[in-house]
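Novice: First to last, the protein sequences are chains A and B. Take the first sequence: its letter number 58 is residue 793 in our numbering, and every next letter is one higher. Take the second sequence: its letter number 123 is residue 141 in our numbering, and every next letter is one higher. I am attaching a structure below and will ask some questions about it afterwards.
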Amino acid sequence: MALVRLLFIAFVVLSVIYLSLSLYSRAKARDRLEAEWDEGDFDIPRKSYVRAGLAEYDSSLRRKLILGVYIVPMSIVVLIIYLVNFA
Amino acid sequence: MRYVGWTILIAFWVSFGAFLHYTLPQRDVVRIVNTYEERQELGDWTRMFWSRPDEQTDALINRDVQFIQGLRDNGKPMVYRNEDTGWSWPPYFKFDTANLYTEANDSVSTRAAPEWYLVTHYGWRNEFLSIFPNAISIRPLEGPDASKGIPWINIIILTLLAAFFYAIWVRWRRFRRARIDPKLEEMQDSWQSAGDAVQERRGRVRRWLDTWRSK
Numbered sequence: 736m737a738l739v740r741l742l743f744i745a746f747v748v749l750s751v752i753y754l755s756l757s758l759y760s761r762a763k764a765r766d767r768l769e770a771e772w773d774e775g776d777f778d779i780p781r782k783s784y785v786r787a788g789l790a791e792y793d794s795s796l797r798r799k800l801i802l803g804v805y806i807v808p809m810s811i812v813v814l815i816i817y818l819v820n821f822a
Numbered sequence: 019m020r021y022v023g024w025t026i027l028i029a030f031w032v033s034f035g036a037f038l039h040y041t042l043p044q045r046d047v048v049r050i051v052n053t054y055e056e057r058q059e060l061g062d063w064t065r066m067f068w069s070r071p072d073e074q075t076d077a078l079i080n081r082d083v084q085f086i087q088g089l090r091d092n093g094k095p096m097v098y099r100n101e102d103t104g105w106s107w108p109p110y111f112k113f114d115t116a117n118l119y120t121e122a123n124d125s126v127s128t129r130a131a132p133e134w135y136l137v138t139h140y141g142w143r144n145e146f147l148s149i150f151p152n153a154i155s156i157r158p159l160e161g162p163d164a165s166k167g168i169p170w171i172n173i174i175i176l177t178l179l180a181a182f183f184y185a186i187w188v189r190w191r192r193f194r195r196a197r198i199d200p201k202l203e204e205m206q207d208s209w210q211s212a213g214d215a216v217q218e219r220r221g222r223v224r225r226w227l228d229t230w231r232s233k
């Protein structure tokens, strides 16, 4: 049960961090795309340029790296368990 | 008001430092003298200085606890408890209590032929509260003066914490300068002008009263 409690609390806390980070990162990507359009001169309208850029962002590595919010703490826990009990 | 602020600030940092000192790993060089098991009463507030190895132990008001007795190079005794931390706080995830007990029993040495061990532990020894640090692991050393090694984990954790608090502090200062200070100045200005207006009006009333006074 202690394990369930730990997993639950960790999941809630990490999810809050994950959500905030992904929203922040997407907003940043949007800002960057808008600034890019404003600087250069493009044939396509601003809206569709930003939309295409964001679609690219959605499948980018940068977005997947945010999953590290879950992966890094989990790996640290596994590492601690190994070092304390089996090393 | 200034003293209240300072008191709260100092109390916060002292308790935070105590919390870190209790939780972070420390290393002692000891000669292991003996190990024993003793029934402990856990029914009072010092319960928080003992572990919660599993769910059943939460309900118990006493249970057997393993101890490891050591003597330091300077002859001072150091007694450790040996308990699982399990999945609860602090996050050492220690499950190998029985293995550590076996190792400790295997490491017992006499004063005539001492063998020195590095005991990694967290927690405090306090004779008045009858609390003991929890041993995490033991490792043989060449002698009582051998190096304890660099405390990498403490360095990393303390550096990260310092960076975290510095980041918050910098943002708070920036926020205060940009948002709160101008507002405070505004309030001060409006107070001052309100004060001036009151003074002005009082002056007028006084002048009017003065007209009734016999000259």
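Each residue gets a CB set at the ideal place from its N, CA and C atoms; glycine is no exception.
(1) Under 8 Å Cβ-Cβ, which residues of chain A neighbour B/Lys112?
(2) Just checking, does the segment 123 to 138 of chain B make contact with the segment 45 to 55 of chain B on the three C-beta pairs under 8 Å criterion?
(3) By a C-beta neighbour count over all protein chains shown, 10 Å radius and 16 as the cutoff for buried, is B/Tyr184 buried or exposed?
(4) How is the beta strand (DSSP E) around B/Ile50 delimited, first residue to last?
(5) For the segment 56 to 72 of chain B against the segment 19 to 36 of chain B, do three or more pairs of beta-carbon atoms, one drawn from each stretch, fall closer than 8 Å, so that the two count as touching?
(6) Counting C-beta neighbours from all protein chains within 10 Å, is the total for B/Lys112 16 or more, i.e. buried, or is it exposed?
(7) Is any beta-carbon of chain B found at less than 8 Å from that of A/Met809?
(8) Between the segment 51 to 68 of chain B and the segment 29 to 38 of chain B, are three or more C-beta pairs nearer than 8 Å?
(9) Would you please verify whether the beta carbon of B/Pro109 is less than 8 Å from any beta carbon of chain A?
(10) Would you tell me roughly how many angstroms separate the C-alpha atoms of A/Tyr784 and A/Leu768, rounded to the nearest one?
(11) Quick one: Cα of B/Tyr189 to Cα of B/Leu179, how far?
(12) For a minimum of 4 consecutive residues, which ranges assigned as the alpha helix (DSSP H) are wholly contained in the segment 67 to 98 of chain B?
(13) Given a limit of 8 Å on CB to CB distance, which residues of the segment 137 to 168 of chain B reach chain A?
(14) Does the segment 805 to 816 of chain A come close enough to the segment 49 to 65 of chain B to have 3 or more Cβ pairs within less than 8 Å?
(15) For a test of the three-state rule: what should DSSP assign to B/Pro158, helix, strand or coil?
(16) Under 8 Å, do A/Leu789 and A/Ala770 count as touching if we go by C-beta distance?
(17) Against A/Val812, what residues of chain B qualify as contacts under a CB-to-CB distance less than 8 Å, listed in chain order?
(18) What residue does the alpha helix (DSSP H) around A/Tyr784 start on, and which one ends it?
Specialist: Working from what's here:
(1) Val819 and Asn820, listed in chain order.
(2) With the cut-off at 8 Å, the segment 123 to 138 of chain B and the segment 45 to 55 of chain B touch.
(3) B/Tyr184 is exposed by the Cβ-count criterion.
(4) DSSP places B/Ile50 inside the beta strand (DSSP E), whose first and last residues are Gln44 to Glu59.
(5) These segments do not touch.
(6) Burial is judged here by how many other beta carbons sit within 10 angstroms of a residue's own beta carbon; B/Lys112 has at least 16 and is buried.
(7) At a cut-off of 8 Å, the C-beta of A/Met809 has no neighbouring C-beta in chain B.
(8) Using a C-beta cut-off of 8 Å, the segment 51 to 68 of chain B makes no contact with the segment 29 to 38 of chain B, since fewer than three inter-stretch Cβ pairs fall below that distance.
(9) For B/Pro109, at least one C-beta of chain A is nearer than 8 Å to its own C-beta.
(10) About 8 Å.
(11) It should be pointed out that residue 189 of chain B corresponds to Arg in this sequence rather than to Tyr. The straight-line gap separating the alpha-carbon atoms of B/Arg189 and B/Leu179 is approximately 16 Å.
(12) Counting only runs that start and end inside the segment 67 to 98 of chain B, the alpha helix (DSSP H) elements of at least 4 residues fall at 73 to 77.
(13) Here the close residues are Ile154 and Ser155.
(14) Result no; under three Cβ-Cβ pairs closer than 8 Å.
(15) Strand.
(16) No. Outside cutoff.
(17) Within chain B, the C-beta atoms nearer than 8 Å to that of A/Val812 come from Pro109 and Phe111, in chain order.
(18) Counting along the chain, the alpha helix (DSSP H) containing A/Tyr784 begins and ends at Arg781 to Asp793.
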